[in-house]
Amino acid sequence: MTEVPAARTPEEVRRALAEQIGSGRLRPGQRLGAERALAAEFGVSRATLRQALAVLEEGGVVRRVPGRGGGTFLAKGKIERDLSRIVGVPALLRSQGVVAGTRVLSARLAEADDITAQALRARPGELVIDLVRIRLADGSPFSLEHARFPARRFPGLLELPLGGSVYELLEEHFGAEPADAVERIEVVLASADEAAILDIEPGAPLMAITRTTTDPDGEPIEFSRDLFRADRTRIVVRTGASGGGASRAVPGRARAVELHAQAAV
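Structural data, given as structure tokens:
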């Protein structure tokens, strides 16, 4: 068996690791070998290895988790969030071959603040159903949802199982079908609490999507603010043919929009 010359520079190590990853020998989310073993494999110092890993991490190819039980992991594939469709997160994940899961953090009646009341066309202080959930993709946190629904329209919603799609519950039990949504997207930096919930570093970029969903009659049925991990999410925007006026989305024609943010130094 011919011995392959060991890589010596950080760039050579990076290329060798990228080749291993590209060959499919490693699965998304899989842990790479320990630094000591990897350094020995490539015949370099751990400092040189770390330089190569830093470049791969910057490019989103790997992610490094500090602490006991951490290590270097192959980054998981990004999940596409298609803005031309109104679909719940479970259906979104299933359509891309990802196992969906949910943790309900809180589900309660609360008084609408001014912003929520305006979005739902309610009076300030009117009761709304306030639901906070963590969405899981293949067992790891993917997004943090904070949704509010008009309580007067959906009595008994809190008594239903809230671990799946609320849209399906609204349609099945109340005949309320989501027909239109206005979504506003911005990049924000994770607070300490949000980072702990989503298993990321404080200050990591998140995609914040504020959404107002209406039924076929134009009545608001949901107001929410969702935080998606930017390292696991890709926004897709579908556009029709050019010309005046609104046009329907054209299947197969899509643009992927990547949003990035840097913490202040």
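Numbered as in the numbering used here, the sequence shown ends at 1164 without a single skipped number. Virtual Cβ for every residue (Gly too), placed ideally from N, Cα, C. If you're wondering where the values come from, they're calculated on a predicted model, not measured in any experiment.
- Endpoints, the beta strand (DSSP E) within which Ser1039 is located: Its beta strand (DSSP E) spans residues Ser1039 to Pro1049.
- Task: Taking Glu1064 as part of the beta strand (DSSP E), name the residues at either end of that continuous run.
- Result: The sequence given here places Ser at residue 1064; Glu does not occur at that position. Where Ser1064 is concerned, there is no enclosing beta strand (DSSP E), given that its DSSP letter is neither H nor E.
- If you drop the 5 nearest sequence neighbours on each side, which residues of the same chain put their C-beta closer than 7 Å to that of Arg1020? Here Arg1020 has Pro1119 as same chain residues with Cβ atoms under 7 Å from its own Cβ, once five neighbours each way along the sequence are excluded.
- Task: Would you list the one or two residues that DSSP bridges to Ala1036?
- Result: Its beta-bridge partners are Ala999 and Ser1039.
- To the nearest angstrom, how far is it from the Cα of Ser983 to the Cα of Pro1077? Rounded to the nearest angstrom, the two C-alpha atoms are 13 Å apart.
- Mark Leu1043 as exposed unless 16 or more other C-beta atoms lie within 10 angstroms of its C-beta, in which case mark it buried. Classification of Leu1043: buried, given that the 10 Å Cβ count is 16 or more.
- Task: Below 8 Å CB to CB, which residues in the same chain sit around Arg1022 once its five sequence neighbours on both sides are set aside?
- Result: Ala1011 and Ala1016.
- Just how far apart, CA to CA, sit Val1003 and Arg1034? Answer to the nearest angstrom: the Cα atoms are 9 Å apart.
- Message: Would Gly942 and Arg993 qualify as a contact pair, given that the criterion is a beta-carbon distance under 9 Å?
- Response: In this structure, Arg993 does not lie closer than 9 Å to Gly942 by Cβ.
- Message: 9 Å is my cut-off, CB to CB: does Val1081 come that close to chain C?
- Response: Within the model displayed, chain C is absent; a lone protein chain is all it includes.
- Item | Straight-line gap, Val912 to Glu934 (C-alpha atoms, nearest Å) | Cα to Cα, the separation comes out at about 12 Å.
- In the DSSP assignment, what residue or residues form a beta bridge with Asp1125? Paired residue(s): Glu1044 and Ile1108.
- What's the C-alpha gap between Gly1143 and Gly1063? With a pLDDT of 42 at Gly1143, under the threshold of 50, the modelled position of that residue is not reliable, and no figure is offered here.
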